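In what follows, a single structure is set out as structure tokens and then discussed.
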Amino acid sequence: MGVVSEQPPIDAPRLPPELERVIFEVAAMTDARDIPILMRVAWRVQHWVQPLLYRTIVILWIENASKKYDFPVISVPTLLGIVTRKESLPLHQFVHEMLWDTDDRDDEEDDFERILAACPNITNLFFYPITVTPQYILMLNRMDHLTRFSSHLNRLFDPGPVDFGCAFLRNVTHLELMDDHIEVTGYLDNLRRAPKLTHIAFNIGSGVVALHTCIRPFTQLQCIVFLQNDISLDVEKPEAEDDRFVCIEQSDFRADWIRGATTGVDYWSIADGFIAAKRAGKTDRTI
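Numbering (UniProt numbering), first residue to last: 1 to 287.
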């Protein structure tokens, strides 16, 4: 009598589930654009990698942005469709980072409020809307988990003064300012009101020395980064020694943010590594 072996279902795992999950998660994190394809492999694979598809949300007005940045860009209408779907995805569990850089939409304010309400656990937000109203401050103040924030603060708080004591900045440790050096020097006086701030970055093309003079007394800061599009040999350097000071050339801030959100490697990590090397005597402290 022959032995009949029962064939496992075609979608049954051939590897230990723990190892299989690691393989699919690594594949998903290597190229997020492949996640929709991986989700079709099996239900268990969809369960593993779907959260990674929505962990970092990138909303960009730039044409062919997905191709340019090698990352899946989602439109506002598509994301709103997910938010309002009857059996919607648990975005409140999935979404941790968001880049919001939109074109001039008439209903942008309402769209942002609805999406933000569905994603209350965002920790890293790049916020660069075309038009800004005071209502955005009220929306941002509901974000209790925000630790990294990039924006144009002068525009965001206009017509009032920039307030570092507002609710959405209370847990921020890493702050990137898109304001020019004249705008920044006008509101740095109350920087100490951001109790957990340790890292700050400026996007300026000039005025490095003057701005560093203003920021140097803030001893709570562990890292002070000046981002510039083109660093020449004649770049301004502070006269006073400050090993927290780092000047970094950055050609595309959106690409850097996406890389940092998805891999952890960005100008912040570069600056921290350089500061540590200076303090360990492994590089010229005057650079």
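Using N, Cα and C, we set each Cβ at its ideal position, and we do this for glycine too.
Bear in mind that the values here come from a model prediction, so they are computed numbers and not experimental data.
- Partner residues in the beta bridge of glutamate 97, as assigned by DSSP, are Thr56, Asn124.
- Across the set Cys166, Leu227, Arg244, Ala271, the C-alpha of Leu227 shows the shortest separation from the C-alpha of arginine 254.
- Here glutamate 249 carries a strand assignment [DSSP, helix/strand/coil].
- Put simply, the backbone Cα of glycine 281 is about 34 Å away from that of phenylalanine 164.
- Pairing leucine 169 with arginine 193, the inter-Cα distance amounts to about 9 Å.
- Counting along the chain, no beta strand (DSSP E) covers cysteine 214; the unbroken alpha helix (DSSP H) around it starts and ends at 208-215.
- Of the residues Ile59, Asp256, Asp266, the one whose Cα lies closest to the Cα of aspartate 101 is Ile59.
- Secondary-structure assignment with DSSP links cysteine 223 through a beta bridge to His199.
- A buried status is given to aspartate 266, since no fewer than 16 other beta-carbon atoms sit within 10 Å of its beta-carbon.
- By the criterion of a C-beta distance shorter than 8 Å, aspartate 242 is surrounded in its chain by His212, Arg216, Ile224, once the five residues flanking it on both sides are discounted.
- Scanning the segment 125-166 for uninterrupted beta strand (DSSP E) segments of 3 residues or longer gives 148-151, listed from N- to C-terminal end.
- For isoleucine 130, the closest alpha carbon among the candidates Ile275, Ser151, Ser251 is that of Ser151.
- The three-state secondary structure of leucine 177, taken from DSSP, is strand.
- The beta carbon of asparagine 229 is closer than 8 Å to those of Gly205, Glu249, Gln250, Ser251 in its chain, skipping five residues each way along the sequence.
- Threonine 198 is not a Cβ neighbour of threonine 219, given a cutoff of 8 Å.
- When only Cα atoms are considered, arginine 44 and leucine 91 end up about 19 Å apart.
- Check the Cα spacing between proline 36 and each of Ile62, Asn64, Pro72, Asp110: the tightest is with Pro72.
- As a beta-bridge residue in DSSP terms, glutamine 228 pairs with Glu249.
- Annotation: the continuous alpha helix (DSSP H) that includes aspartate 111 extends over 108-118.
- Per the coordinates, the alpha-carbon of proline 77 lies some 37 Å from the alpha-carbon of leucine 188.
- Contact between arginine 244 and isoleucine 275 holds, with the beta-carbon distance rounding to 6 Å and staying under 8 Å.
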